[in-house]
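Mapping of the sequence shown onto the working numbering: residues 237 to 650, in sequence order. Note that beta-carbon positions come from the ideal geometry of N, C-alpha and C, so glycine has one too. If you're wondering where the values come from, they're calculated on a predicted model, not measured in any experiment.
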Amino acid sequence: MVTGIGVVLPNTLSVDQFWSNISGGRSQVGRLTRFDGAEAGLPVYAAAEISGFDHHPFLPELTDPHAAKYSREILIAMSAVAEARRDAGLATGDVDPRRLGIIMSSSRGPFSWWRDVLTGADPAAFGDKGAMFRGLPGCPASLSAIYNGAQGLVTTVSNACVGGHQAIGLAVRELRSGAADAMLVGGHEFPIVPEVAACYRAMGHGVISSEREDPTRAVRPYSNDREGFALGEGSVVLCLERESVARARGARVYAEILSVASLNEAAHPTTMDLTGKVTASVVEDALAVAGRSVADVDYYCAHGTATRYNDIAESRALRALYPELSAGKLPPLSSNKPIYGHTFGIAGIINTAATSLMLHHQTIAPTINLSSIDPECDQDHVFEGARRTELDLAVSMSFAFGSQTSVVALGAAA
237 MVTGIGVVLP NTLSVDQFWS NISGGRSQVG RLTRFDGAEA GLPVYAAAEI SGFDHHPFLP
297 ELTDPHAAKY SREILIAMSA VAEARRDAGL ATGDVDPRRL GIIMSSSRGP FSWWRDVLTG
357 ADPAAFGDKG AMFRGLPGCP ASLSAIYNGA QGLVTTVSNA CVGGHQAIGL AVRELRSGAA
417 DAMLVGGHEF PIVPEVAACY RAMGHGVISS EREDPTRAVR PYSNDREGFA LGEGSVVLCL
477 ERESVARARG ARVYAEILSV ASLNEAAHPT TMDLTGKVTA SVVEDALAVA GRSVADVDYY
537 CAHGTATRYN DIAESRALRA LYPELSAGKL PPLSSNKPIY GHTFGIAGII NTAATSLMLH
597 HQTIAPTINL SSIDPECDQD HVFEGARRTE LDLAVSMSFA FGSQTSVVAL GAAA
């Protein structure tokens, strides 16, 4: 059961703000300020950046001397964990500390800190004991566990853009095996540095957006004029609980995690299966575990990176799942990447959080910036705006370098 959602994203510090931006189609992608793209020789001008973050409202029991040893990234992730627990109403004493765990996902960990260390941008980086915290990718989870008194499984996974879904899968296993009563599962990603932008730019045109005039339109999934994604940063965390525990304490439930499936295609390292058949098989596997079928699915939350291969592969996957249906009859498929950019290790967490809220509010969030649809993606992308409808079953999809595919099936709370 998804009982809590903690969000620290650009201009977004609560689940209500998150839902307002996702459902209202309000892009938080703005002008890139973290570095000068032209100076770095990169035609990159847009990103979804967090500015002016203050951890104190989220972590009131963290003393300033301790906080001074942590990085901005650690404090943001710890704040998202604490907010997920607060949103769930999971108080101290509601769960045995040994049966509360934390699992996080991050594709690159504290990359910006290591960049500053190795380039000499921060010559004092190794000058205090806090360096040990700031340089380890697992510290946001470990320090969150200390702050929250979580004594169960605490770990961090790293597997590019499917890491968030895989973290959810591990958390669900802990809950279903009886090893845990509650899990705080999420991710943290801070990729807005020139080296990361350069890596994606080196892959060619159409991978990372070069939109200059209107940053809010930088990410345009399924559109003929798409240019790729914008970098995004932040942390999102879900509170998952065993149904019996959630019901016993009268918790508000956003949605139910029915199943998680993850597959390594063991094929091309950077390009997903373009027939759509492999993705379709993973969706079918996940639904079979949940005791459901593709005919039951009301909505698909797409990875939706606004790159050509991702867009057409997702569209082909839906056609493979419903070969008897015309494009106009396929279940709706929408992307939230235009709102918060591409966040890599937390992309699957953001998708699952968004899908949980869509089930909770019985409303599908739209794909924005879709002005001229790619004929190969001629489906229902909910481009007209948020759509009130009946939702019982939804599927979140993620794809990653390394030939990775993952899906999470979610059901409406009973």
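query, result
"Rounded distance between the beta-carbons of Tyr306 and Phe369, thought under 8 angstroms", "6 angstroms"
"Cβ contact (3+ pairs, closer than 8 angstroms) linking the stretch 502–516 and the stretch 552–561", "yes"
"Beta-carbon proximity check, Phe271 vs Ala396, cutoff 9 angstroms", "no"
"Same chain only: Cβ atoms within 7 angstroms of Glu477, ignoring 5 sequence neighbours per side", "Met237, Thr239, Asp417, Ala418 and Ala487"
"Three-state secondary structure assigned by DSSP to Arg483", "helix"
"Other residues of its chain near Asn247: CB distance less than 7 angstroms, five sequence neighbours each side excluded", "Gln264"
"Which of helix, strand or coil DSSP assigns to Gly329", "coil"
"Endpoints, alpha helix (DSSP H) assigned at Tyr536", "Where Tyr536 is concerned, there is no enclosing alpha helix (DSSP H), although the beta strand (DSSP E) it sits in stretches over Tyr535 to Cys537."
"Selection from Ala630, Gly564 and Ser551 that minimises the alpha carbon distance to Ala589", "Ala630"
"Entirely enclosed alpha helix (DSSP H) segments - the stretch 484–541, minimum 4 residues", "513–525"
"Nearest-angstrom Cα separation, counted from Pro293 out to Ile312", "11 angstroms"
"Cβ-based burial, Asp450 [other Cβ within 10 Å; buried from 16]", "exposed"
"Spatially closest choice to Ser480 from Leu389, Asp330, Gln387 and Trp350, by CA coordinates", "Asp330"
"Near the ligand COA: Ser341 beta-carbon under 8 angstroms from a heavy atom", "In the structure shown, the ligand COA is absent, as is every other ligand, since no ligand is present at all."
"Residue(s) in a DSSP beta bridge with Thr591", "DSSP lists no partner for Thr591."
"Per-residue DSSP class, three states only, for Val408", "helix"
"Cβ-based burial, Met439 [other Cβ within 10 Å; buried from 16]", "exposed"
"Buried versus exposed call for Met646 [16 or more other C-beta atoms within 10 Å across all chains shown]", "What sits at residue 646 in the sequence shown is Leu, not Met. When all chains shown are included, Leu646 counts as buried."
"Glu463 burial status per 10 Å Cβ neighbour count (16 or more: buried)", "buried"
"Inter-residue CB distance, His596 and Tyr458 (contact presumed, cutoff 8 angstroms)", "Contact flag wrong, Cβ pair sits at about 25 angstroms."
"Rounded distance between the beta-carbons of Leu420 and Ile493, thought under 8 angstroms", "That pair is no contact at about 14 angstroms."
"Anticipated Cβ contact below 8 angstroms, Val398 with Gly584, distance rounded", "6 angstroms"
"Coil, strand or helix - Val398 by DSSP", "coil"
"Rounded separation between Gly374 and Arg623 - CA only", "39 angstroms"
"Stretch-stretch touch, CB-based, cutoff 8 angstroms, three pairs: the stretch 419–435 with the stretch 605–624", "no"
"Backbone secondary structure at Glu612 - three-state DSSP", "helix"
"DSSP bridge partner residues for Val243 (one or two, in chain order)", "Val472"
"Span of the alpha helix (DSSP H) around Ser259", "Val251 to Gly260"
"Chain-order list of residues whose beta-carbon lies under 8 angstroms from that of Asp364 (same chain, five-residue window excluded)", "Lys305"
"Local conformation of Thr579 per DSSP, three classes", "coil"
"Classification of His441 by the beta-carbon crowding that lies within 10 angstroms, buried from 16 upward", "exposed"
"Short Cβ contact (9 angstroms threshold) for Ser348 with Ser394", "no"
"Runs of alpha helix (DSSP H) lying entirely within the stretch 277–310, each at least 4 residues, in chain order", "300–303"
"CA-to-CA distance, Pro301 to Ala538, given in whole angstroms", "42 angstroms"
"Rounded C-alpha distance that separates His569 from Ala303", "The question names His, but residue 569 is Leu in the sequence shown. Rounded to the nearest angstrom, the two C-alpha atoms are 41 angstroms apart."
"Coarse secondary structure for Gly464, derived from DSSP in three states", "coil"
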